[in-house]
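If you want this note's numbering, it's the position in the sequence shown, counting the first as 1, plus 69.
Heads up, the thing below is written out as structure tokens.
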Amino acid sequence: MNKVLENRKNSKYLRRGLLFVFLVVAYLFFVTSTFIQDSDILAHSQTMIGKEVKFKLSQATGEIKNYYVSKSRDVLIARITIKENPSTPLPLSASSYVVMTKTDTGQKEIPAYFGRMSTDGDMFVIIPKPSEETYSIIVANRDVATIDTDNKQSDNNITVFDPSDSDSITKILSDAEYDLGTNNDAVRKKSSEDKQTDTIAFNMTINPKLKEKAYQLTVLDVDHLLSEKDGKTYFNFEEYWKLVYKQPLVDKYTKKQKDLKDELSKINANIQNVQKTLDRNENDQNAQKRLSQLQEDLKANEEAMEKASVSLRNAQALEYQESYFNDYTTKMFYVGK
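Next comes the structure, spelled out in structure tokens:
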């Protein structure tokens with residue numbers, strides 16, 4: 070009898086043990102599958118808007134400002150704002166950079182526009198007729214060897230891009246992993262300290278899997294930004310400039326004027342209410358103070374309205390200059406492993 074009870078007791082412990090092992094295995098499977106799924110989603114989305122990427126030797130910081138498509142999605146555009154170190158400025162010429170992609174599209178050279186608005190504006194990467202793939206873009210400064218920091222020779226560990234040098238490409242691809250965020254934290258930390266190339270990297274796609282606003286595209290109010298002529302494809306830089314640079318300024322000051330008009334209506338309504346109080350009791354000190362403050366608010370509103378009107382007129386008067394986008398390259402290179 071005691072032996073039977075002991076066997077039942079052992080069987081009970083065994084079942085509990087097996088249940089515990091099952092729950093642990095199930096939990097590990099869930100965590101692993103979730104991590105893999107999240108990693109896949111991240112790898113097939115844009116690099117987050119607002120993320121900073123850095124040209125190491127030049128000490129220039131790029132911030133992913135936005136991504137754009139036309140209504141027809143005939144182009145995919147990345148816009149990167151640049152903060153430069155005055156002592157080690159980035160090259161002015163677009164030909165001083167090489168644009169590469171790790172994404173295999175079946176071509177060694179892929180049509181793409183790269184440059185910078187004027188000499189100190191935003192960088193841009195424009196992919197005509199993009200596919201559904203996620204493009205891993207690398208921008209390399211190949212004039213980095215000409216930079217002399219603090220009257221010293223350039224760091225011997227910095228690699229200048231050479232398309233015929235497999236070691237150069239390997240180092241660039243390795244550094245790209247830091248910006249693309251595909252390595253673990255320890256590797257990423259090391260990469261940021263030991264980056265060997267003057268490069269930045271980011272992802273762009275017309276079909277981001279992450280649905281948060283920071284990963285989404287801005288659809289420009291235009292059907293097409295590409296045109297065909299004599300067998301060649303052209304990008305409409307003037308329309309792009311109007312939609313991305315001029316129109317937001319016009320919208321900003323138009324809204325500012327509207328907000329100020331709404332504020333003016335409230336101020337005038339409050340003045341009328343206070344005046345009614347004073348009509349009944351002209352010695353009401355609280356009402357007198359309130360009226361004085363409202364009159365100051367009215368004056369400040371009028372001054373702000375005048376400034377907003379001038380700013381709006383100036384924004385509306387802006388005209389496109391060919392020099393804004395007269396220096397750009399027209400292809401990027403596949404350098405995937």
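We treat Cβ as the ideally placed atom computed from N, Cα and C, and that holds for glycine.
Output the distance between the C-alpha atoms of residue i and residue j, rounded to the nearest integer angstrom.
i           : j           : result
residue 139 : residue 373 : 35 Å
residue 405 : residue 212 : 22 Å
residue 335 : residue 327 : 13 Å
residue 394 : residue 192 : 10 Å
residue 157 : residue 148 : 22 Å
residue 152 : residue 278 : 29 Å
residue 387 : residue 343 : 43 Å
residue 165 : residue 124 : 14 Å
residue 378 : residue 322 : 8 Å
residue 256 : residue 201 : Model confidence at residue 256 stands at a pLDDT of 47, short of 50, so the residue's coordinates are unreliable; what they give is reported in the following sentence. If you take the alpha carbons of residue 256 and residue 201, they lie about 29 Å apart.
residue 268 : residue 207 : 7 Å
residue 150 : residue 329 : 30 Å
Could you check what DSSP says for residue i in three-state terms: helix, strand or coil?
i           : result
residue 155 : coil
residue 142 : coil
residue 401 : strand
residue 336 : helix
residue 149 : strand
residue 266 : strand
residue 239 : helix
Would you mind reading off the limits of the beta strand (DSSP E) that contains residue i?
i           : result
residue 394 : Careful: residue 394 lies outside any beta strand (DSSP E) and carries neither H nor E.
residue 192 : 192 to 197
residue 169 : 166 to 170
residue 163 : Here residue 163 belongs to no beta strand (DSSP E), and DSSP marks it neither H nor E.
residue 179 : 178 to 185
residue 123 : 121 to 124
residue 205 : 204 to 210
residue 188 : Looking at the DSSP string, residue 188 is not in any beta strand (DSSP E), and its letter there is neither H nor E.
Write down the C-beta distance between residue i and residue j rounded to the nearest angstrom, noting that I regard them as a contact closer than 8 Å.
i           : j           : result
residue 389 : residue 310 : 5 Å
residue 403 : residue 240 : So it is not a contact: roughly 17 Å between Cβ atoms.
residue 210 : residue 155 : Contact doesn't hold; Cβ gap of about 16 Å is too wide.
residue 170 : residue 274 : About 12 Å separates the two Cβ atoms, so there is no contact after all.
residue 118 : residue 133 : 5 Å
residue 197 : residue 143 : 7 Å
residue 305 : residue 294 : 5 Å
Within 7 Å of any Cβ in chain B, is that where the Cβ of residue i sits?
i           : result
residue 280 : No chain B is part of this structure, which consists of one protein chain only.
Q: List in chain order: all unbroken alpha helix (DSSP H) runs of 4+ residues lying wholly within the stretch 306 to 364.
A: 306 to 310 and 316 to 349
Q: For the stretch 265 to 295, list the beta strand (DSSP E) runs that are entirely contained and at least 3 residues long, ordered along the chain.
A: 268 to 273
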